[in-house]
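Presented below is the structure to which this report refers.
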């Protein structure tokens with residue numbers, strides 16, 4: 008059931024049920040909800056039920072309709088929303104929405120006031136002590152209260168330290184707050200990302216259910232949250248300053264304390280304790296004791312959150328480790344598939360997973376296609392893209408004989424499904440073991456290095472077959488042919504090697520890599536790759552590399 012409750016203006020405390028029949032609010036009949044307010048229009052606004060809930064619509068009123076202090080033309084109502092028509096203030100309440108929406112605190116406007124503050128006393132929570140430092144002589148009552156508070160706080164500190172989740176912790180804080188003050192109800196509210204307070208725990212001294220919707224005046228909220236001060240409001244009903252305050256009138260609060268939960272200068276939320284019993288009047292002692300409690304509570308909340316983050320980080324690392332293992336399984340485990348060819352490869356991601364890849368796919372008894380690629384970016388997105396592209400290449404080489412045809416189809420398919428602006432530098436090369444003929448298509452990848460058996464210096468094959476995959480739609484790709492003779496070596500690599508930087512922001516460069524390979528041309532392919540990786544790491548001068556490193560080295564075995 009839904010209703011409107013009037014709590015400021017004529018007919019205050021009256022409730023109006025809402026249902027399928029639209030409720031018209033205004034000054035004159037035939038309005039369903041008639042309010043005697045000079046600032047209200049004859050037909051001011053209307054509330055009608057929709058499939059999504061209750062919607063309020065302004066009917067072209069003279070002085071506008073306000074929901075939670077904001078002028079509206081049309082809006083859906085949420086539990087606890089305050090509707091103002093002229094000087095009349097109503098609250099929307101729905102039993103159905105109580106089960107669906109989180110408990111919240113409505114911070115209400117206090118209206119015009121000549122008073123500079125509406126609080127009787129306030130102290131900074133970080134400066135709170137068990138005893139009043141301004142008192143020269145302490146009487147026995149003060150010492151007894153301090154002794155009782157010390158016992159509660161001592162037991163409370165152990166209780167809070169034993170809590171393993173935030174809900175249990177905050178519920179314990181609420182209960183301890185009542186033990187310290189003798190109040191009737193307590194709540195703990197935490198700040199959401201949007202800055203609103205959301206009630207996370209409540210406790211009642213009578214055992215009755217605490218209303219999930221609470222109102223808190225803007226003046227109190229600004230002192231408690233903005234200034235990080237604990238706030239004491241004593242005997243609000245007998246104080247003329249509070250009689251017309253909407254939030255306090257609505258809750259029938261006689262005495263209240265609000266204390267911010269602050270940790271390392273960061274406000275996490277608010278602890279509130281109040282009572283409607285005229286005989287219960289909170290004191291400055293209660294203010295200090297609750298401040299000590301919230302200091303413990305805020306630290307406990309922060310520690311729990313840090314523990315949760317640590318657990319999440321551990322889970323994420325475990326998941327990334329699994330992802331790394333899966334990604335490694337994408338790369339070929341056995342490269343000895345090319346007749347009369349020595350071949351080795353290695354890939355070292357900058358993170359646990361990366362976007363570099365290589366593959367070696369036999370086409371028939373003599374022909375093999377090699378691929379090496381570099382997906383833009385690093386980490387999980389690049390790794391996911393890399394796995395998909397490797398699968399695409401395996402499928403396409405079975406349908407297309409030429410590397411250029413494979414890249415053209417791959418480029419078109421990649422552009423259609425790419426939604427993150429990713430692209431790939433990619434090189435495909437077919438090698439015929441019978442003739443030594445190589446057919447290569449280079450799509451924006453670093454130029455491969457060739458070390459001839461009889462050469463005196465390394466050389467690069469600079470010919471390009473087309474643009475990077477994922478940049479240009481309907482791109483043209485062409486092939487380039489060359490031959491590898493017995494003793495010749497071919498090195499494929501990604502730009503993580505050539506563009507590795509040191510602390511002076513100097514590049515390692517492809518030329519430095521080529522000289523390193525050439526100087527070790529008599530070593531095995533595996534030893535050459537290991538030497539280049541070690542040289543890059545030494546050049547960068549750090550354990551963590553900035554980009555993925557990948558290299559494939561192959562040498563045609565000498566005849567005989």
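Numbering (this note's numbering), first residue to last: 8 to 567.
For glycine and all other residues, C-beta sits at the position ideal for the given N, C-alpha and C.
Run the CB neighbour count on residue i, radius 10 Å, all protein chains shown included, and call it buried at 16 or more, exposed below.
i           : result
residue 301 : buried
residue 43  : exposed
residue 89  : buried
residue 556 : buried
residue 315 : exposed
residue 9   : buried
residue 271 : exposed
residue 361 : buried
residue 531 : exposed
residue 323 : exposed
residue 462 : exposed
residue 377 : buried
residue 406 : exposed
residue 385 : buried
residue 404 : buried
residue 251 : Low local confidence applies: a pLDDT of 44 at residue 251 is under 50, so the model's placement there is unreliable, and no value is given.
residue 566 : exposed
residue 77  : exposed
residue 269 : buried
residue 100 : buried
residue 469 : exposed
residue 389 : buried
residue 3   : The displayed coordinates of the chain run from 8 to 567. Any statement about residue 3 would go beyond what the structure contains.
residue 313 : exposed
Nearest CA to the CA of residue i: which residue from the options?
i           : options               : result
residue 239 : 288, 272, 205 and 199 : 288
residue 529 : 561, 432, 542 and 502 : 561
residue 297 : 180, 67 and 439       : 180
residue 478 : 458, 505, 406 and 424 : 424
residue 279 : 202, 197, 407 and 233 : 197
residue 336 : 486, 493, 321 and 393 : 393
residue 366 : 545, 434, 461 and 66  : 434
residue 526 : 563, 228 and 459      : 459
residue 311 : 81, 384, 38 and 173   : 173
residue 369 : 566, 346 and 14       : 346
residue 354 : 48, 348 and 338       : 338
residue 204 : 295, 185, 87 and 281  : 87
residue 503 : 482, 497 and 544      : 544
residue 374 : 49, 266, 442 and 37   : 442
residue 534 : 559, 356 and 230      : 559
residue 380 : 372, 371 and 400      : 400
Would you give the residue range spanned by the beta strand (DSSP E) that residue i belongs to?
i           : result
residue 458 : 456-458
residue 194 : 192-198
residue 72  : 72-74
residue 22  : 22-25
residue 503 : Unbroken run through residue 503 is the alpha helix (DSSP H), 502-505; no beta strand (DSSP E).
residue 402 : From DSSP, residue 402 is part of no beta strand (DSSP E) but of the alpha helix (DSSP H) over 386-404.
residue 207 : 204-211
residue 91  : 89-92
residue 357 : That residue, residue 357, is in no beta strand (DSSP E); it is neither H nor E in DSSP.
residue 484 : Run containing residue 484: none; DSSP gives neither H nor E here.
residue 12  : 9-15
residue 62  : 60-65
residue 53  : 52-57
residue 450 : 444-450
residue 366 : 363-369
residue 273 : 273-282
residue 379 : 374-382
residue 561 : 556-563
For the alpha helix (DSSP H) containing residue i, name the first residue and the last one.
i           : result
residue 412 : 410-424
residue 532 : 532-547
residue 491 : Segment: none, residue 491 is in no alpha helix (DSSP H) and carries neither H nor E.
residue 95  : From DSSP, residue 95 is part of no alpha helix (DSSP H) but of the beta strand (DSSP E) over 95-101.
residue 178 : 173-188
residue 520 : 517-526
Answer with yes or no whether the minimum CB distance from residue i to chain C is below 8 angstroms.
i           : result
residue 389 : Reference to chain C is not applicable here, since this structure consists of a single protein chain.
Exercise for review: Decide yes or no for the touch test of the region 451-463 against the region 405-418: beta carbon pairs closer than 8 angstroms, at least 3 of them.
Suggested key: Under the Cβ criterion (8 angstroms, minimum of three pairs), the region 451-463 does not count as touching the region 405-418.
**Study point:** Cβ contact check for the region 435-450 and the region 513-520: 3 or more pairs under 8 angstroms
**Key:** No, the region 435-450 does not touch the region 513-520.
Review point. Three or more beta-carbon pairs under 8 angstroms between the region 501-511 and the region 481-493, yes or no?
Key: Taking 8 angstroms as the limit for Cβ pairs, the verdict is that the region 481-493 does not touch the region 501-511.
Practice item. For the region 52-71 and the region 20-32, state whether three or more C-beta atom pairs, one from each stretch, are separated by less than 8 angstroms. Key: The region 52-71 vs the region 20-32: in contact.
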